[in-house]
Amino acid sequence: MSRIVYSVVLTLLFLASDLNPLHAQGRFIRRLQQEVERKAIEEIFEKGKEEAGEAAPAEAYRPGRHRMGGGLSQEVPDVEQAISDAETSLGSNDFGGSRAALRRAVWGIELQMGHQVLESLPLTVGGVEALTDHDRVSSSGMGFSGMLIERVYAGGEDMELVVSVGNDAGLLGVAGMILAAEMYRESAGQEHFKQIRFQDHRAYIEYDDYEGYALTTPFGQSSILVIRGLNYSSEEDFMASAGQIDLHRIKQKLGIQ
Amino acid sequence: MNRTLIAMAFAIFLAQGAPLFAQDPVKNLDEARTAYRSGDLEAARFALQQAIREVDLATAREVLKLLPETMATMPFVPEKEEVGSGAMGFAGVYVHRSYLGESPASASLQVVAGSPLLAGINAILALPVVGRDPDNQRVRIGGYRGLLQRQQGNGGETSWTLQLPFGSSLLTFSLEGIDEQQAVLDMANTIPVEQIARLVQ
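Chains A and B, in that order, are what the protein sequence lines are. Going left to right, the first sequence walks through residues 1 to 257 as the numbering used here numbers them. Going left to right, the second sequence walks through residues 258 to 458 as the numbering used here numbers them.
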């Protein structure tokens, strides 16, 4: 404690004796002085608390505000059990129960398929790294909205790449029609949209000043790959990163020819 | 001689039209289990989706058994009965039955179940009533709230539509050539809504 006070006093004396009439230098000295004072005060008070055995409060209590909790445990449906449950329900003519069990089984399978796809994706793409904690697989257990797989890559200078795969969704069956409509949009003189080829598939790329680049590639009968890139300096830069996502491998993992 | 008989029997069978046999959901489940154990997840999913479709069809056939065979004096028309499944699309069980009386009286009953899109009908029914519209009335059938609408055609003929949502399912009862609202409600009250709801949920 005495050592800190001594060093503070010494520093202040040194600074006071060396004052320069120049304004910029004076400002620098004032900042330095404030910084030294702040550090000294922090150290003195923290030590005082430790000596008194006082623990720093984690956070002030505020009524109605959630502060802790570990969330929900992750539940992956047991596919074989769900199939057995569906059989049992069928045997007793419980069609509702059977349907629910079958959906649970489809959900379990789709989660596994999704995780296989995620494992097949690279951990780094260009200058960005996968945020595997943000990996997401969602499944409705039915064909209308199908399965959605998502991985986020981030790094570099606020660069972000989001890879989304939609699979077996009835809604996505119209993706080809959308592409045909977009061809018209392209010919109508839109400068932020164009049709390209991506890994032997017809695709289209868009650019928006606020949303960055987006590459959309329909594949299979009702699946789609969407890659979005933020803060990429050019189309070539974005496409070089997007090209590292292997669509053929994704198709293979999803069992699509 | 034997060959001729076999050929004739085969020709008669084909002339009648070979029926599309319904698949057994248990067989689909066996296929799903085998595919899953061999690591073919896509095949397992397909087999399970087929099984869902079969279960939906079986449910629809059970719903048909519950529906009244006559509405007042109108018998149902077996040829116009429909059951379906939208397991791959947005809807689940689909059932349709038509009734035909003396011209111009006719009715039809339709149940679409398991559709997440239909839950919104409940919200419409929960909206507060502003004013009183005699052509759009809230009614209660078998303990369920519904919306009864009356339409008047150009030729003076009256038609009615009753929409009865339960959960994510919708029962629609349509009538033509009936003038009295009470007659419509009496017919609607013969529909075992609660049993249907229990079956399709």
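For glycine and all other residues, C-beta sits at the position ideal for the given N, C-alpha and C.
- beta strand (DSSP E) containing HIS353 of chain B: first to last residue? Taken as a continuous stretch (DSSP letters only), the beta strand (DSSP E) holding HIS353 of chain B covers 350 to 357.
- Task: Enumerate in chain order the residues of its own chain whose CB-to-CB distance from THR291 of chain B is below 7 Å, with the five nearest sequence positions on each side excluded.
- Result: Within the same chain, no Cβ atom closer than 7 Å to the Cβ of THR291 of chain B is found once the five residues on either side in sequence are excluded.
- Item | Residues near HIS353 of chain B by beta carbon distance below 6 Å, same chain, minus five either side | So the list reads GLU339, GLN367, once near-sequence residues are dropped.
- Task: Kindly say whether ALA454 of chain B, judged by its beta-carbon, lies nearer than 8 Å to any beta-carbon of chain A.
- Result: At a cut-off of 8 Å between beta-carbon atoms, ALA454 of chain B makes no contact with chain A.
- Message: Let me check one thing: in DSSP terms, what residues is ASN167 of chain A bridge-paired to?
- Response: Assignment of beta-bridge partners to ASN167 of chain A by DSSP yields A:MET147.
- Task: Using a Cβ-Cβ cut-off of less than 8 Å, give me the residues of the stretch 96 to 116 of chain A that come near chain B, in sequence order.
- Result: Within the stretch 96 to 116 of chain A, the residues whose Cβ lies closer than 8 Å to some Cβ of chain B are GLY96, SER98, ARG99, LEU102, ARG103, ALA105, VAL106, ILE109, GLU110, GLN112, MET113, GLN116, listed in chain order.
- Task: Taking C-beta pairs closer than 7 Å, name the residues in chain B that GLU211 of chain A reaches, listed in chain order.
- Result: Within chain B, no residue comes near GLU211 of chain A; the closest Cβ sits about 29 Å away, beyond 7 Å.
- Query: Helix, strand or coil for ASP133 of chain A per DSSP?
  - Reply: DSSP places ASP133 of chain A in the helix class (H, G or I) of the three-state scheme.
- chain B beta carbons: is any one of them nearer than 8 Å to that of LEU247 of chain A? Chain B contact via Cβ: absent.
- Message: Less than 8 Å between CB atoms is the rule here; does PRO282 of chain B satisfy it with respect to chain D?
- Response: Of the protein chains in the structure, A and B, none is chain D.
- Query: Mind checking whether ILE196 of chain A and GLY220 of chain A have CB atoms under 8 Å apart?
  - Reply: Going by C-beta atoms, ILE196 of chain A is not nearer than 8 Å to GLY220 of chain A.
- Task: In the DSSP assignment, find the alpha helix (DSSP H) that holds ASN285 of chain B and state where it starts and stops.
- Result: That run of the alpha helix (DSSP H) goes 282 to 294.
- Going along the chain, which residues of its own chain have a beta-carbon closer than 8 Å to the beta-carbon of VAL450 of chain B, five neighbours each way excluded? ILE398, GLY399, GLY400, TYR401, LEU421, PHE423, LEU428, listed in sequence order.
- So is GLU309 of chain B in contact with chain A if we call contact Cβ pairs under 8 Å? Before going further, note that residue 309 of chain B is Ile rather than Glu in the sequence given. It does; some Cβ of chain A falls within 8 Å.
- Item | is_contact[THR316 of chain B, chain A] using C-beta, thresh 8 Å | True, the Cβ-Cβ gap to chain A drops below 8 Å.
- Kindly indicate which residue of B:VAL350, B:GLU433, B:SER425, B:ALA364 has the alpha-carbon position closest to the one of GLN408 of chain B. Checking every option, the nearest Cα to that of GLN408 of chain B belongs to B:GLU433.
- Task: Name the two residues that bound the continuous beta strand (DSSP E) containing GLY229 of chain A.
- Result: 223 to 230 is the extent of the beta strand (DSSP E) around GLY229 of chain A.
- Item | Length at least 3, wholly inside the stretch 312 to 343 of chain B: the beta strand (DSSP E) runs in chain order | The DSSP assignment places complete beta strand (DSSP E) segments of no fewer than 3 residues inside the stretch 312 to 343 of chain B at 339 to 342, in order along the chain.
- Query: Does DSSP classify ARG67 of chain A as helix, strand or coil?
  - Reply: Coil.
- Query: What in chain B is Cβ-close to LEU254 of chain A, meaning under 7 Å?
  - Reply: What LEU254 of chain A touches in chain B: GLU299.
- Message: Between GLU87 of chain A and chain B, is any beta-carbon pair separated by less than 8 Å?
- Response: With its beta carbon less than 8 Å from one in chain B, GLU87 of chain A belongs to the interface.
- Do ALA289 of chain B and ALA304 of chain B have their C-beta atoms within less than 8 Å of each other? Yes, they are a contact pair.
- Message: Please classify ALA344 of chain B as buried or exposed, where buried requires at least 16 other C-beta atoms within 10 Å of its C-beta.
- Response: Any answer about ALA344 of chain B is weak, because its pLDDT of 48 lies below 50 and its placement is not dependable; what the coordinates show is given next. The residue is buried, with at least 16 neighbouring Cβ atoms inside 10 Å.
- Query: From LEU323 of chain B to ALA454 of chain B, what does the alpha carbon distance come to, in whole angstroms?
  - Reply: The alpha-carbon atoms of LEU323 of chain B and ALA454 of chain B are separated by roughly 11 Å.
- Proximity below 8 Å, CB of LEU102 of chain A to CB of VAL137 of chain A: No.
- Query: Based on the DSSP secondary-structure assignment, which residues constitute the bridge partners of TRP417 of chain B?
  - Reply: B:ARG407, B:LEU432, per the DSSP bridge assignment.
- Query: How many angstroms separate the CA atom of ARG104 of chain A from the CA atom of PRO77 of chain A?
  - Reply: Looking at the two C-alpha atoms, the distance is approximately 6 Å.
- Go ahead and pull the three-state DSSP assignment for VAL76 of chain A. Coil, per DSSP.
- Query: Closest by CA to THR132 of chain A, which one among A:LEU161, A:ASP85, A:GLY108?
  - Reply: Residue A:LEU161 is the option with its Cα nearest to THR132 of chain A.
- Query: Rounded to the nearest angstrom, how far is the Cβ of ASP135 of chain A from that of LEU118 of chain A, given a contact under 8 Å?
  - Reply: Sure, about 5 Å apart at Cβ, within 8 Å.
- Message: Please state the DSSP three-state secondary structure of GLY110 of chain A.
- Response: According to the sequence provided, residue 110 of chain A is Glu. The question's Gly does not apply to it. For GLU110 of chain A, the three-state secondary structure derived from DSSP is helix.
- Message: Can you find the residues in the same chain that come closer than 8 Å, C-beta to C-beta, to GLU129 of chain A, ignoring five residues on each side of it along the sequence?
- Response: So the list reads LEU123, TYR153, ALA154, GLY155, once near-sequence residues are dropped.
- What is the residue span of the beta strand (DSSP E) that GLU157 of chain A lies within? It is not in any beta strand (DSSP E) - GLU157 of chain A carries neither H nor E in the DSSP assignment.
- Message: With distance defined between alpha-carbon atoms, name the residue in B:GLU326, B:PRO361, B:THR327 nearest to GLY412 of chain B.
- Response: The option with the nearest alpha carbon to GLY412 of chain B is B:PRO361.
- Message: I'd like to know whether the C-beta of GLU80 of chain A is nearer than 8 Å to at least one C-beta of chain B.
- Response: GLU80 of chain A counts as touching chain B.
- Item | DSSP state of GLY424 of chain B mapped onto helix, strand, coil | Here GLY424 of chain B sits in coil by DSSP.
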